[in-house]
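Beneath this line is the structure, given in structure tokens, with notes to follow.
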Amino acid sequence: MTRKKRVAILISGRGSNMRSLIEAARAVDFPAEIALVLSNRPDAAGLVWAREQGIPVAAVDHKIYAGREEFERSIQKMLEINRIEMICLAGFMRVLTPWFVGQWQGRMLNIHPALLPAYRGLHTHERALEDGVKIHGATVHFVVPEMDAGPIILQASVPVLDDDTPDTLGARVLDQEHVIYPQALALVAGDKVAIKGNRVLARA
Ligand code: GRF
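In this text, residue positions in the sequence shown follow our numbering: the first is 2, and each later residue adds one.
Laid out in structure tokens, this is it:
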């Protein structure tokens, strides 16, 4: 196998997707290694777990910076120091500027708790229930400057049940997130897919 890609996971909170990525990346044949976990919140629960696993962690507190650009330049520096080649956003709750996204075009993934392009933004499970949809799910996509847009790498659907609440539906979606995010990272890090326009296709 070719050398493993050095991946940073960016989080803001509990980091359950981060955990699924770290666990998947332990496999010898996984094409990526998690070389850094970075949070904009120093108190993110996910940082504690990652540190316990022996993963290098860093906190870059957005509140101490004058603006978004200054914050992002600091993150960028941290990524460069750690020789990061790809980014996985995993519950990272900061909007990224076109400049930062441009630095990582085709090399930055995000997971969203809905079947994009439906339900961009927040409170996806509440909105899906309000609309009465029968199918909901999760999406892993490449990050582009527009929020919750970008070429879709993988999706998983779950049925919406009659007695679902936002919490029960969200839990079922989260289980699927934990399945497809490592799969999507493996596809991209392993050079198995290519971006063609807005589509992600298997490499011939
Ligand atoms: C997940 O629902 C993910 O889809 C969204 O933010 C949440 C993060 O959860 N982007 P966790 O921190 O990975 O547990």
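We put the beta carbon where it would ideally sit given N, CA and C, even for glycine.
Bear in mind the structure is a predicted one, so any value in this text is a computation, not a measurement.
To which residues of the same chain is residue 125 closer than 7 Å at the C-beta, ignoring the five residues directly before and after it? 114, 115
Which value, in whole angstroms, describes the spacing of the CA atoms of residue 102 and residue 146? 6 Å
Let's test the definition: count the other Cβ atoms within 10 Å of the Cβ of residue 106 and tell me whether it reaches 16, buried, or not, exposed. exposed
Helix, strand or coil, according to DSSP, for residue 87 in the structure here? strand
Which residues does DSSP list as the beta-bridge partners of residue 136? 160
Pull up the CB-CB distance for residue 92 and residue 12, whole angstroms please, since I reckon it's below 8 Å. 6 Å
Around ligand 1, Cβ to any heavy atom closer than 5 Å, ordered along the chain: 14, 15, 16, 17, 18, 91, 92, 112, 114
Can you find at least 3 beta carbon pairs, one from the stretch 160 to 167 and one from the stretch 188 to 196, that sit closer than 8 Å? no
Residue 18, enclosing alpha helix (DSSP H) - first and last residue: 17 to 25
CB-CB length for residue 6 against residue 33, believed under 8 Å: 5 Å
Environment of residue 158 [buried if 16+ CB atoms lie within 10 Å]: exposed
Check whether residue 112 and residue 178 have beta carbons under 8 Å apart: yes
Own chain residues within Cβ distance below 7 Å of residue 127, not counting five before or after: 167
Measure the C-alpha to C-alpha separation of residue 26 and residue 20 and round it to an integer number of angstroms. 10 Å
Quick check on the burial criterion: 16 or more other C-beta atoms within 10 angstroms. Buried or exposed for residue 199? exposed
Contact between the stretch 48 to 56 and the stretch 77 to 85: three or more CB pairs below 8 Å? no
From 9, 119, 202, pick the residue whose C-alpha is nearest to that of residue 139; which is it? 119
In chain order, what residues of the same chain lie with their CB nearer than 8 Å to the CB of residue 22, ignoring the 5 residues before and after it? 8, 10, 35, 89, 91, 182, 183, 186
Please state whether the Cβ-Cβ distance between residue 38 and residue 51 is less than 8 Å. yes
Measure the alpha-carbon distance for residue 62 versus residue 42 and round it to whole angstroms. 6 Å
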